[in-house]
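Novice: According to the numbering used here, the sequence shown is numbered sequentially starting from 192. Glycine included, every Cβ here is placed at the ideal spot set by N, Cα and C. As the structure is a prediction and not an experimental result, all values here were calculated from the model.
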Amino acid sequence: MHSHRTASDTIAEQVRRHRQRLGITREQLAAECARLGATELTYGALVNIETGRRKPDGRRRREVTADELLVLGLALAVPPLLLMLPLGGEDTVPTVPAADDRDPYTVWKWWTGEETPTLAGPTDGRHYAEPRQIAETGPRWPAAWAEAAYPASLFPEFERRSEAARRAYLRAETERAKGGETAAQTEYLHRLEELARHINDMSRAGLPIPVLRPDLIQDLKGLDMLHAPDALTPKEDN
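1. Given a cut-off of 9 Å, decide if isoleucine 390 and leucine 274 are closer than it, judged by their beta-carbon atoms.
2. Apply the 10 Å Cβ neighbour rule to glutamine 409 and answer buried if 16 or more other Cβ atoms are within range, or exposed otherwise.
3. What span of residues does the alpha helix (DSSP H) with proline 271 cover, start to end?
4. Put threonine 365 into one of helix, strand or coil per three-state DSSP.
5. How big is the Cα-Cα spacing for leucine 411 and tyrosine 296?
6. In its own chain, which residues sit with a C-beta less than 6 Å from the C-beta of proline 285, not counting the 5 before and 5 after it?
7. Hey, how far is the Cα of tryptophan 299 from the Cα of isoleucine 215?
8. Can you look up valine 284 in the DSSP assignment and give me helix, strand or coil?
9. Which first and last residues belong to the beta strand (DSSP E) in which proline 313 is found?
10. Just verifying my parser: in three-state terms, what is the DSSP assignment at leucine 403?
11. Assuming alanine 340 and glycine 304 are in contact, meaning their beta carbons sit under 8 Å apart, how far apart are those beta carbons, in whole angstroms?
12. Quick one, which of Gly413, Leu310, Ala337 has its alpha-carbon nearest proline 288's?
13. Rounded to the nearest angstrom, how far is the Cβ of methionine 393 from that of phenylalanine 349, given a contact under 8 Å?
14. Tell me the DSSP bridge mates of proline 425?
15. Under a Cβ-count criterion, where at least 16 other Cβ atoms within 10 Å of its own Cβ denotes burial, should glycine 235 be classed as buried or exposed?
16. Buried or exposed: where does glutamine 324 fall if 16 or more other Cβ atoms within 10 Å of its Cβ makes it buried?
17. What's the gap between the Cα of glutamate 254 and the Cα of proline 405?
18. List the endpoints of the continuous alpha helix (DSSP H) containing leucine 250.
19. Taking only the alpha-carbon atoms, compute the straight-line gap between aspartate 282 and aspartate 294 and give it to the nearest angstrom.
20. Which same chain residues, not among the five before or five after arginine 362, have their C-beta less than 8 Å away from its C-beta?
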């Protein structure tokens with residue numbers, strides 16, 4: 192189970208694949224990286240990354256840093272995380288040295304905080320999150336993870352709910368202009384309540400609330416749906 196293959200090996204393969212997809216040379220990729228301010232990603236550095244020169248023990252001589260992953264993704268016009276976790280491109284990818292390789296989408300959800308990492312096992316064919324204490328005296332690992340990952344779930348959900356409320360608002364306004372029935376208005380109020388509950392959750396967690404359409408803010412405040420109405424900032428028209 193635990194080979195010397197690392198995330199940098201996957202990144203190297205994907206850098207080469209996407210460079211060839213774009214039809215550019217390593218020299219041209221180095222120029223793109225320099226344009227982004229990463230002058231250290233020279234032709235020679237890219238050769239070392241792509242070829243993965245090995246030490247006598249089989250380990251790479253050069254790993255890819257987090258800063259370089261971001262630059263390489265932007266230079267190659269590909270979401271940086273896809274260089275490390277090529278969804279649909281690999282059956283498994285490395286995780287940490289002490290654990291098994293896993294499928295890319297599972298590891299993707301660890302990175303985004305959508306799922307709790309399951310590094311232990313497998314037991315009866317299943318991996319699981321080991322309920323150990325951190326450093327023997329700290330909190331249980333799964334509980335600490337859940338607390339830290341909470342904002343990662345709140346912000347995407349805010350985007351979904353605010354967009355649903357925006358669409359419902361536009362439908363309600365259209366029906367109102369036609370003198371139509373109140374079904375659209377009822378749907379809008381439902382979406383607004385869902386958004387308000389989520390905003391209140393974010394406020395309780397001490398998180399900043401992203402900007403919102405002024406008309407949504409006006410209705411949220413007018414209907415007294417918010418615990419901290421002053422936390423909202425209207426979105427400026429472009």
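Specialist: Once the coordinates are examined:
1. no
2. exposed
3. 271-275
4. helix
5. 37 Å
6. Arg196, Thr197, Ala198, Asp292
7. 28 Å
8. strand
9. 311-314
10. strand
11. 4 Å
12. Leu310
13. 7 Å
14. Leu403
15. exposed
16. exposed
17. 47 Å
18. The sequence given here has arginine at residue 250, not leucine. Segment: none, arginine 250 is in no alpha helix (DSSP H) and carries neither H nor E.
19. 6 Å
20. Ala375, Glu378, Tyr379
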